[in-house]
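Novice: The following block contains the structure, expressed as structure tokens.
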Amino acid sequence: MEADDPMTLSGRDAYRAELTALAEADERIVCLEADLGGKNHPFQTAHPDRFFNLGIAEGAMVDMAAGLAAGGHRPFVSTFAPFAALRAAESLKLTLGYLGAGVTVVAPYAGVSGAWFGTTHHCLEDLAVLRSVPGVTIAAPYGEADMRAVVRAAAESGRPHYIRTGRNAAYESLPWSGGELPLVNWANEAAADEVCLVSVGEEGTRLALEATGQRPGLGHAHLTYLDHHHLTLAAAELGDRHRRFVVVEEHRREGGVAEALALLMPRCEVFGVNAGHAWPAEGGDHGEVMAALGFDLQAVLAAADRLTPAEV
1 MEADDPMTLS
11 GRDAYRAELT
21 ALAEADERIV
31 CLEADLGGKN
41 HPFQTAHPDR
51 FFNLGIAEGA
61 MVDMAAGLAA
71 GGHRPFVSTF
81 APFAALRAAE
91 SLKLTLGYLG
101 AGVTVVAPYA
111 GVSGAWFGTT
121 HHCLEDLAVL
131 RSVPGVTIAA
141 PYGEADMRAV
151 VRAAAESGRP
161 HYIRTGRNAA
171 YESLPWSGGE
181 LPLVNWANEA
191 AADEVCLVSV
201 GEEGTRLALE
211 ATGQRPGLGH
221 AHLTYLDHHH
231 LTLAAAELGD
241 RHRRFVVVEE
251 HRREGGVAEA
261 LALLMPRCEV
271 FGVNAGHAWP
281 AEGGDHGEVM
291 AALGFDLQAV
301 LAAADRLTPA
311 EV
């Protein structure tokens, strides 16, 4: 559910706060932004000599980060998801994939969280693009604690990362214990013969939580890491518990997590609730644009009904 605590940070603000704190102890960390930082970026305030605003030159920003990584730095770069995953796609392929450079790309405004900014600022294709590049760790955190944990893990590992988040929505992370995020966070336990919702990202998780609030008998498993390696491991755990799944993701059907899990779990039924094939032609807030694409609570409940056998 949406956080009641006004101090809970949105995903992109949690990223900035955590990176700024990590940089206090790790001088290798540098922060690059493509004209997205604003006047009060906390990293720029705390570490002005390690903050670079490249303007609207996203590909050049990623290329520069590759050079910094080769020089021993831990660069984090951030820009709108459509400009990171699509406009700078070639640079991402070469930097994160071919070179395997230790660059972390943090992409806010994923999905249609840009809403009234319009189609140029929507990104429903980024998971398909990044999942096709070998060696990239892909994450879509839900809530402040998840984002902070993912940023810490990326900084410690020095491996290529793509981190997807929304615009300004702030959510409390699902409970988890231990130092690392769980591979599968079981938000709602259910009987093995029940349908299990698999939530991806902020809005997919919000909708799954609303759905289980209305129908507590549904299972709900949340995934933060979405690259092939992590999904392969998650699929084994999911398949041990359930046989019927509804994957809820703010993304196109093609190249999304539902397709990936269907291939990884051929003995299971996997149905996707997603943004489909339409192009939003009218403005509105985030929820209104998602609803226009058929990505809403009713779609999730209808999918669960579709996979639930009729009583004889």
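Sequential numbering from 1 applies to the sequence shown in full-length UniProt numbering. Yeah, the Cβ is synthetic: ideal placement off N, Cα and C, and Gly gets one too.
1) If we require 3 or more residues per run, which beta strand (DSSP E) segments fall completely within the stretch 179–229?
2) Among N188, G239, A57, which one has its Cα closest to the Cα of Q214?
3) Mapping the DSSP letters down to three states, classify S78 as helix, strand or coil.
4) Check whether the stretch 251–258 touches the stretch 281–293, taking contact to mean three or more Cβ pairs, one atom from each stretch, closer than 8 Å.
5) Would you list the one or two residues that DSSP bridges to V247?
6) Leaving out the 5 sequence neighbours to the left and right, which residues in its chain are closer than 6 Å to A81 when beta-carbon positions are compared?
7) In three-state DSSP terms, what is E2?
8) Closest to G114 by C-alpha separation, out of F83, C268, V30, R243, would be which residue?
9) Using the Cα positions of G97 and E27, report the straight-line distance between them to the nearest angstrom.
10) Do A60 and L68 come within 8 Å of each other at the CB atom, strictly closer than that value?
11) In chain order, which continuous runs of the beta strand (DSSP E) of length 3 or greater are located wholly inside the stretch 84–131?
12) Does the distance from the CB of R148 to the CB of Y171 come in under 8 Å?
13) Within a Cβ cutoff of 6 Å, which residues of the same chain sit near A208, ignoring the five residues on either side of it in sequence?
14) Please list the terminal residues of the continuous beta strand (DSSP E) segment that includes H286.
15) Per DSSP, which one or two residues make a beta bridge with F52?
16) Does DSSP put Y142 in a helix, in a strand, or in coil?
17) CB-CB under 6 Å to H286, same chain, minus the five flanking residues each way: which ones, in chain order?
18) Quick check on the DSSP output: the beta strand (DSSP E) that includes residue 313 runs from which residue to which?
19) Expressed to the nearest angstrom, what Euclidean distance is found between the alpha-carbon atoms of E33 and G284?
20) Leaving out the 5 sequence neighbours to the left and right, which residues in its chain are closer than 8 Å to R243 when beta-carbon positions are compared?
21) Cutting at 7 Å between CB atoms, please list the residues of its own chain near A89, excluding the five before and the five after it.
22) Which residues in the same chain have their Cβ closer than 7 Å to the Cβ of P75, if we skip the five residues on either side of it in sequence?
23) Which of helix, strand or coil does DSSP assign to T8?
24) Following the continuous alpha helix (DSSP H) through F43, name the residue where it begins and the one where it ends.
25) Assuming residue 394 and G294 are in contact, meaning their beta carbons sit under 8 Å apart, how far apart are those beta carbons, in whole angstroms?
26) Can you give me the C-alpha to C-alpha distance between A281 and A275, rounded to a whole angstrom?
27) Evaluate E2 with the Cβ neighbour count: other Cβ atoms within 10 Å of its Cβ, from every protein chain shown; 16 or more gives buried, anything less gives exposed.
28) Under three-state DSSP, which class holds T308?
29) In its own chain, which residues sit with a C-beta less than 7 Å from the C-beta of L297, not counting the 5 before and 5 after it?
30) Report the rounded CA-to-CA distance for R252 versus G272, giving the unit in angstroms.
Specialist: Answer, in terms of the structure:
1) Fully enclosed beta strand (DSSP E) runs of 3 or longer: 185–188, 196–200, 219–223.
2) That would be N188, whose Cα lies nearest to the Cα of Q214.
3) DSSP places S78 in strand when its eight states are reduced to three.
4) Result no; under three Cβ-Cβ pairs closer than 8 Å.
5) According to DSSP, V247 bridges with V198, G272.
6) So the qualifying residues of the chain are A107, Y109, A110, C123, D126.
7) Any reading at E2 needs caution, since the residue's pLDDT is 44, under 50, leaving its predicted position unreliable; the model's value is listed next. Secondary structure at E2: strand, using DSSP grouped into helix, strand and coil.
8) The residue from F83, C268, V30, R243 with its alpha-carbon nearest to that of G114 is F83.
9) Whole-angstrom Cα-Cα distance: 25 Å.
10) No, Cβ-Cβ distance for L68 and A60 is not below 8 Å.
11) Look at the stretch 84–131 and you find these whole runs of beta strand (DSSP E), each 3 residues long or longer: 104–107.
12) Between R148 and Y171, the gap from beta carbon to beta carbon reaches 8 Å or more.
13) Around A208: L197, S199, H220, V248.
14) Segment 286–292 is the alpha helix (DSSP H) holding H286; no beta strand (DSSP E) there.
15) L32, per the DSSP bridge assignment.
16) The answer is coil: DSSP assigns Y142 none of H, G, I, E or B.
17) Counting only Cβ-Cβ distances below 6 Å, and skipping sequence neighbours, we find S113, A115.
18) Missing from the structure shown is residue 313; the chain here goes from 1 to 312 and no further.
19) If you take the alpha carbons of E33 and G284, they lie about 27 Å apart.
20) Excluding positions up to five away in sequence, the list reads A192, D193, R267, C268, E269.
21) Around A89: V129.
22) For P75, where only same-chain residues beyond five positions count, the Cβ hits under 7 Å are V30, L32, A65, L68, A69, V103.
23) Three-state result, T8: coil.
24) Residues 42–46.
25) Here the chain covers residues 1 to 312 and nothing more, so residue 394 does not appear.
26) Spanning the two alpha carbons is a distance of roughly 14 Å.
27) The predicted model places E2 with a pLDDT of 44, which falls under 50 and marks its position as unreliable; any figure quoted below should be read in that light. Its Cβ having fewer than 16 others within 10 Å, E2 is exposed.
28) Look at T308 here: in three-state DSSP terms it is coil, with no helix or strand label.
29) If we look at L297 and ignore the five residues flanking it on each side, its Cβ neighbours are L207, E210, A211.
30) Straight-line spacing of the CA atoms in R252 and G272 works out to 10 Å.
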